[in-house]
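Inspection log for the structure reproduced underneath, given as structure tokens.
2 protein chains.
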Amino acid sequence: MVAVHDPTAAQTAPTKAAEASGACCAPSAEIDEARAEQVAKVFKALGDPTRVRLLAMIAESPSGEMCMCDLTGPVGLSQPTVSHHMKLLVEAGLATREQRGRWAYFQAVTDPLTEATKALTR
Amino acid sequence: MVAVHDPTAAQTAPTKAAEASGACCAPSAEIDEARAEQVAKVFKALGDPTRVRLLAMIAESPSGEMCMCDLTGPVGLSQPTVSHHMKLLVEAGLATREQRGRWAYFQAVTDPLTEATKALTR
């Protein structure tokens, strides 16, 4: 870990070093800005207790998916509100959505969360 | 998975069923509100790319800790801004702070993140 006191140099040096050497002193410490944005997006989507509960329910549903019609009751919120929360989870790549007739069905996708966590705990 | 086509029934039926039986079809799916709040707090603290980068740097520092004076350069932000980000990480239990003379030193605590992720991926 090198302390760089010139802010301008600090913003470019680590990326250049990583590209040039491919074997920095602590390459695993490098999360570049793009990767940090991806990781933060996943965590931000889960930075709300309702979305945590929704994803947990879907992830652990015996059938591997849940109908919108079964999600509103447990969290005690209206369908438009649950739809909004589910939209954010889908946008973050944490769920997929399939329309079947009147209802939307959701499947959990937890790989992005596992990967985001690994980026900080490996 | 039963599709309930009466929206009113959909909002209340599952909760009543869970309360009545105490042994729902998928008891592990239950993350209660208090636990969901805890989990969301951890994820919310990491819902920002700068905080992701700061925690990654500290977590993977060879000495296991980093001085505030070494954090500002890599993220290209002022000390007050980095202090604010670190305060949020400390409040979420993801870092500890130790003052030594002029500088604060931070240690990463990744257990809360590991536990929060487990709550959704077990």
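Residue numbers (UniProt numbering), protein chains in the order written: chain A, 1 to 122; chain B, 1 to 122.
Think of the CB as a built atom: it goes at the ideal place given N, C-alpha and C, for glycine as much as any other residue.
Bear in mind the structure is a predicted one, so any value in this text is a computation, not a measurement.
Please report the straight-line C-alpha distance between L77 of chain A and L55 of chain B, rounded to a whole angstrom.
Residue mapping note: residue 77 of chain A aligns to position 77 of the first sequence, counting from 1. Residue mapping note: residue 55 of chain B aligns to position 55 of the second sequence, counting from 1. Their Cα atoms are separated by approximately 34 Å.
Determine whether the Cβ of residue 129 of chain B lies closer than 8 Å to any Cβ atom of chain A.
Summary: the structure shown does not reach residue 129 of chain B, with chain B confined to residues 1 through 122, and so no result is reported for it.
The region 105-113 of chain B in contact with the region 78-97 of chain B per 3-pair CB rule at 8 Å:
yes
For M57 of chain A and M86 of chain A, I'd like the C-alpha separation in whole angstroms.
For this step, residue 57 of chain A is matched to residue 57 along the first sequence. For this step, residue 86 of chain A is matched to residue 86 along the first sequence. About 12 Å.
Evaluate contact between the region 61-79 of chain A and the region 65-80 of chain B, counting only Cβ atoms and requiring at least three cross-stretch pairs below 8 Å.
no
May I ask you to list the residues that DSSP assigns as paired with E65 of chain B?
Locating residue 65 of chain B in the second sequence gives position 65, counting from the first residue. E65 of chain B is bridged to B:Q107.
If distances are taken between C-alpha atoms only, which option among A:R100, A:T121, A:L120, A:A119 comes closest to E65 of chain A?
To locate residue 65 of chain A, count along the first sequence from 1; it is residue 65. That would be A:R100, whose Cα lies nearest to the Cα of E65 of chain A.
Report the three-state DSSP secondary structure of A56 of chain B (helix, strand or coil).
By one-based count along the second sequence, residue 56 of chain B stands at place 56. Here A56 of chain B sits in helix by DSSP.
CB contact below 8 Å: E91 of chain A versus chain B:
As a first step, residue 91 of chain A must be located in the first sequence, where it is residue number 91. Judged by the 8 Å Cβ criterion, E91 of chain A is not in contact with chain B.
Can you give me the Cβ contacts of V52 of chain A inside the same chain, cut-off strictly under 7 Å, excluding the 5 residues immediately before and after it?
As a first step, residue 52 of chain A is located in the first sequence; it is residue number 52 there, counting from the start. Only L46 meet the Cβ criterion.
Which of the three DSSP states, helix, strand or coil, is assigned to residue 151 of chain A?
Absent from the model: residue 151 of chain A. The displayed extent of chain A is 1 to 122, so no value can be given.
Establish whether the CB of T110 of chain A and some CB of chain B are separated by less than 8 Å.
Counting from one through the first sequence, the residue named residue 110 of chain A turns up at place 110. Yes, T110 of chain A lies at the interface with chain B (some Cβ there is under 8 Å from its Cβ).
Alpha carbon to alpha carbon, how far is K44 of chain B from F43 of chain A?
Along the second sequence, one-based indexing puts residue 44 of chain B at 44. Along the first sequence, one-based indexing puts residue 43 of chain A at 43. Near 6 Å, if we compare the C-alpha coordinates of F43 of chain A and K44 of chain B.
Report the neighbours of residue 123 of chain A on chain B: residues whose CB is nearer than 8 Å to its CB, in chain order.
In the structure as shown, chain A begins at 1 and stops at 122. Residue 123 of chain A is therefore absent and cannot be evaluated.
Across which residues does DSSP place R100 of chain A in a beta bridge pair?
Here residue 100 of chain A refers to the residue found at position 100 of the first sequence. According to DSSP, R100 of chain A bridges with A:W103.
Quick check: what's the CA-CA separation for F106 of chain B versus S83 of chain B?
Residue numbering aside, residue 106 of chain B sits at position 106 when the second sequence is read from its first letter. Residue numbering aside, residue 83 of chain B sits at position 83 when the second sequence is read from its first letter. Cα-Cα distance, rounded: 11 Å.
Considering only the beta carbon of each residue, do E115 of chain A and P49 of chain B sit closer than 8 Å?
Residue mapping note: residue 115 of chain A aligns to position 115 of the first sequence, counting from 1. Residue mapping note: residue 49 of chain B aligns to position 49 of the second sequence, counting from 1. It is not a contact, given that the beta carbons lie outside the stated cut-off.
Short Cβ contact (8 Å threshold) for A119 of chain A with R35 of chain A
Counting from 1 along the first sequence, the entry for residue 119 of chain A is found at position 119. Counting from 1 along the first sequence, the entry for residue 35 of chain A is found at position 35. It is a contact, given that the beta carbons lie within the stated cut-off.
Using a cut-off of 8 Å between C-beta atoms, extract the partners of V39 of chain B located in chain A.
Position 39 of the second sequence holds residue 39 of chain B. Chain A residues near V39 of chain B: L46, P49, V52.
At the 8 Å Cβ level, is E98 of chain B part of the contact set with chain A, yes or no?
Counting from 1 along the second sequence, the entry for residue 98 of chain B is found at position 98. It does not: the Cβ of E98 of chain B has no partner Cβ on chain A nearer than 8 Å.
Distance cutoff 8 Å, beta carbons only. Does L88 of chain B sit that close to anything in chain A?
Within the second sequence, the letter at position 88 stands for residue 88 of chain B. No, L88 of chain B lies away from the interface with chain A (no Cβ there is under 8 Å from its Cβ).
For chain A, is any of its Cβ atoms less than 8 Å away from the one on E115 of chain B?
As a position in the second sequence, residue 115 of chain B is number 115, starting the count at 1. By this cut-off, E115 of chain B is not an interface position.
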